[in-house]
Amino acid sequence: MLKKFFVYRGRRIRMFHRNLLFKYGVGLFFPFFVLMILYHVFFTYPTIQKEESSSAGLFILPVAVSVFCIFVGVIFALFIIKSSQLRGGFFAKQYKKQVLAEYLDDNELVIKKKSKNQGAKEKKKFPKVYYKADGDADEFTFKIGNRFQDKFLQIGRPLEDMYLADLVAVKRAPGHVTFRYLIDVQSKRIDFSEMSAENGKVKLMNGVWWEYDDLPHMLITGGTGGGKTYFIYALIAALGKEGRVHISDPKAADLADLGNFNAFKNLVVSDKKGIFGQMEEAVDLMDKRFLYMKKQPNYTIGKNYRYYKMKPEFFIVDEWAAFISVLDKFGRGEALTEEKLYESISPLVLKARQAGVFIIVATQKAGTDVIRSSIRDNLMCKVSLGRLSEQGYIMTFGDEQKNKSFINKYGVKGRGYIDVGAGVPQEFYSPYVSPTFDFVEYFKNMDEMPFTDVLSVEVTEEDKEMLNEIYNDQFIEAEQERIAHEQDERRAQRKREKDEKAEALLSGESYSEQVKKRKKEVV
Ligand SMILES: Nc1ncnc2c1ncn2[C@@H]1O[C@H](COP(=O)(O)OP(=O)(O)OP(=O)(O)O)[C@@H](O)[C@H]1O
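Its first residue numbered 1, the sequence shown is counted upward by one per residue in UniProt numbering.
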């Protein structure tokens with residue numbers, strides 16, 4: 001009963017929240033400042049008074065103590081605030097208030113009052129806006145029925161972008177609207193065992209799939225210890241049930257060891273010649289598969305490998321930069337040069353999708369000095385793991401993401417961002433691998449990977465010419481147009497889903513009820 005009388009909407013957002021973290025920082029620093037003053041009052045001052053002549057040496061200790069107090073105070077304040085923010089603690093909540101206050105003020109969502117005293121400054125305050133942290137969700141409540149009503153009813157989307165959180169409910173009450181956000185993207189993380197590949201796509205997180213048949217090839221970036229190797233292991237395990245995985249590990253590190261297991265016999269290489277050969281093999285395989293498809297009685301122009309019941313082939317190259325660095329800079333004939341490599345793999349990224357040959361490149365950095373943009377930009381699915389510099393994110397996700405704020409979080413392994421090919425990066429948690437799980441045992445016992453045998457298909461010079469005629473520049477252009485179209489579709493679909501969800505939520509009916517209703521209509 002009491003609850004109906006008193007509705008707690010949260011803390012009201014006030015103008016002083018604008019620089020809230022700075023103010024808390026000053027507060028945390030204050031005890032150190034007091035200590036410093038006390039030291040000077042009770043120690044420095046009496047010492048100086050006692051001395052008859054004042055020499056410069058007398059001030060060395062007081063200055064050192066002051067510098068020490070200031071330094072320790074600042075570090076202490078920064079540490080407390082940052083660590084709390086990263087743990088989602090008290091200061092993470094204060095930061096949310098600060099961000100909202102800045103948004104409201106910068107967008108003129110303020111009430112201005114003129115002071116009666118002439119010359120005095122105009123006073124500003126926020127309309128009634130509240131913030132409440134509620135377990136795994138955050139709630140923002142806005143008073144409507146005022147001149148801000150239209151803007152507040154539309155604020156759901158900007159808040160979603162601001163807090164990188166999913167809008168899960170919009171509650172309406174007379175005079176108020178409340179937006180509820182799920183702050184925990186991590187809850188969408190799946191376990192390694194839930195990862196599955198089927199019908200040309202692989203599940204990477206709840207609601208996040210890499211649809212490689214439509215948006216082919218993948219780029220994985222990340223610094224040491226970010227979770228690249230674990231993610232690649234997980235991909236190999238999932239994709240290896242759907243098709244065959246070939247592995248290049250130029251550093252002869254973790255992935256190279258897989259070559260010892262039955263399922264990976266003759267599929268793992270780590271020396272320069274071997275990797276170069278594997279890349280050429282991929283191109284060769286593409287040609288053979290195109291020819292195989294062409295020879296099928298049900299051959300139909302435009303149909304992909306799946307139509308002919310063929311299994312996909314994946315080529316993973318780890319530590320791409322290390323591979324590039326060992327290639328010959330110049331040379332002819334037998335020389336393994338960068339030029340030759342790119343000449344050979346360019347057709348792969350542009351044409352191989354239809355033949356079901358996919359390439360996955362992992363690298364610490366994705367600058368053009370490491371990987372040419374003609375290749376990088378055609379690796380449609382982009383994943384970053386661990387902490388990257390601002391430039392690192394731009395190199396991974398492209399210049400058009402310059403204005404997106406990528407946040408480095410500490411303490412969570414396998415966390416980063418993913419763009420499944422639609423040009424929209426989102427927070428990502430790679431499939432979780434329990435500490436007791438043993439990849440070595442898993443791969444040792446893995447079944448042979450399924451593949452379509454095209455070894456007997458001979459590609460003559462004439463065939464090559466014929467293939468080049470079919471899969472020509474026009475084909476590549478059409479491929480690129482198709483991919484651009486797929487991307488537009490995905491973006492539009494994402495927007496549609498968000499709009500539908502927001503509309504459903506705003507209509508007062510719960511989203512799940514709406515979905516149920518729609519399903520009934522379809523039946
Ligand atoms: N998805 C995950 N689930 C559980 N633990 C993970 C996951 N990803 C990474 N880790 C943990 O982080 C550690 C480092 O991960 P990983 O070896 O994959 O990093 P890396 O980016 O490949 O680093 P390096 O390049 O130095 O090998 C792992 O040993 C594991 O303990």
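Idealized CB from N, CA, C, for every residue including glycine.
- Contact between the stretch 210-218 and the stretch 371-382 is established, with three or more Cβ pairs separated by less than 8 Å.
- For Arg157, the enclosing alpha helix (DSSP H) starts and ends at Gly156 to Tyr163.
- Of the candidates Pro46, Ser456 and Leu100, Leu100 places its Cα closest to the Cα of Phe16.
- For Thr224, the shortest C-beta to heavy atom distance toward ligand 1 is below 6 Å.
- Around the CB of Pro31, fewer than 16 other CB atoms lie within 10 Å, so the residue is classed as exposed.
- In this structure, the straight-line span from the alpha carbon of Ser83 to that of Ile70 is close to 20 Å.
- When beta bridges are read from the DSSP output, Cys381 appears opposite Met218.
- A direct Cα-to-Cα measurement between Thr452 and Glu280 gives close to 18 Å.
- C-alpha of Thr363 to C-alpha of Arg496: approximately 34 Å in a straight line.
- Membership of Met205 in the beta strand (DSSP E) is indicated by the continuous run Lys201 to Met205.
- Ser193 carries a helical assignment under DSSP once its states are collapsed to helix, strand and coil.
- At a Cβ-Cβ threshold of 7 Å, Gly10 and Lys116 do not count as neighbours.
- Burial of Ala165 is indicated by the presence of at least 16 other C-beta atoms within 10 angstroms of its C-beta.
- For Lys128, the CB contacts under 7 Å within the same chain, skipping 5 residues up- and downstream, are Arg12 and Lys143 in chain order.
- Between the stretch 346-358 and the stretch 460-478, the count of Cβ pairs shorter than 8 Å is three or higher; the stretches touch.
- Non-local C-beta neighbours of Tyr163 in its own chain, meaning closer than 8 Å and more than five positions away in sequence, comprise Lys96, Val99, Asp138, Tyr181 and Ile183, ordered along the chain.
- Inclusion of Val433 in the 6 Å shell around ligand 1 follows from its C-beta lying nearer than that to a non-hydrogen atom of the ligand.
- Here Leu21 has Ile81, Phe91, Gln94, Tyr95 and Gln98 as same chain residues with Cβ atoms under 7 Å from its own Cβ, once five neighbours each way along the sequence are excluded.
- Rounded to whole angstroms, the Cβ separation of Leu239 and Ala197 is 5 Å, and the two are in contact under 8 Å.
- Taking C-beta separations shorter than 6 Å and ignoring five residues to either side along the sequence, the partners of Lys413 in its chain run Gly227, following chain order.
- Taking C-beta atoms as the reference points, Leu291 and Val440 fail to come closer than 7 Å.
- Listed in chain order, the non-local C-beta contacts of Arg244 below 6 Å within the same chain comprise Glu313, Met449 and Phe451, local neighbours out to five positions each way being set aside.
- In this structure, Lys124 has its beta carbon at no less than 6 Å from each heavy atom of ligand 1.
- A distance criterion of 6 Å places the beta-carbon of Gly414 in contact range of ligand 1, judged by its closest non-hydrogen atom.
- By the Cβ neighbour-count rule, Arg415 is buried, with 16 or more other Cβ atoms within 10 Å of its own.
- A straight-line Cα-Cα distance of about 6 Å links Lys402 and Ile394.
- Going by beta carbons, Thr229 and Thr396 fall outside the 7 Å limit.
- Annotation: Arg14 to Lys123 spans about 13 Å, alpha carbon to alpha carbon.
- Of the heavy atoms belonging to ligand 1, at least one sits nearer than 6 Å to the Cβ of Gly227.
- Excluding five sequence positions before and after Asp150, none of the CB atoms of its chain fall closer than 6 Å to its own CB.
- Taking 7 Å as the cut-off, the Cβ atoms of Ile360 and Ile418 do not count as close.
- According to the DSSP assignment, Ser248 belongs to the beta strand (DSSP E) that extends over Arg244 to Ser248.
- Here Leu167 is near Gly156, since their CB atoms are less than 7 Å apart.
- Ranked by how close their Cα comes to the Cα of Ser193, the residues Asp161, Arg172 and Lys241 have Lys241 in first place.
- At least one heavy atom of ligand 1 falls within 6 Å of the beta-carbon of Tyr230.
- The stretch 59-68 makes contact with the stretch 28-42, as at least three CB pairs between them are under 8 Å.
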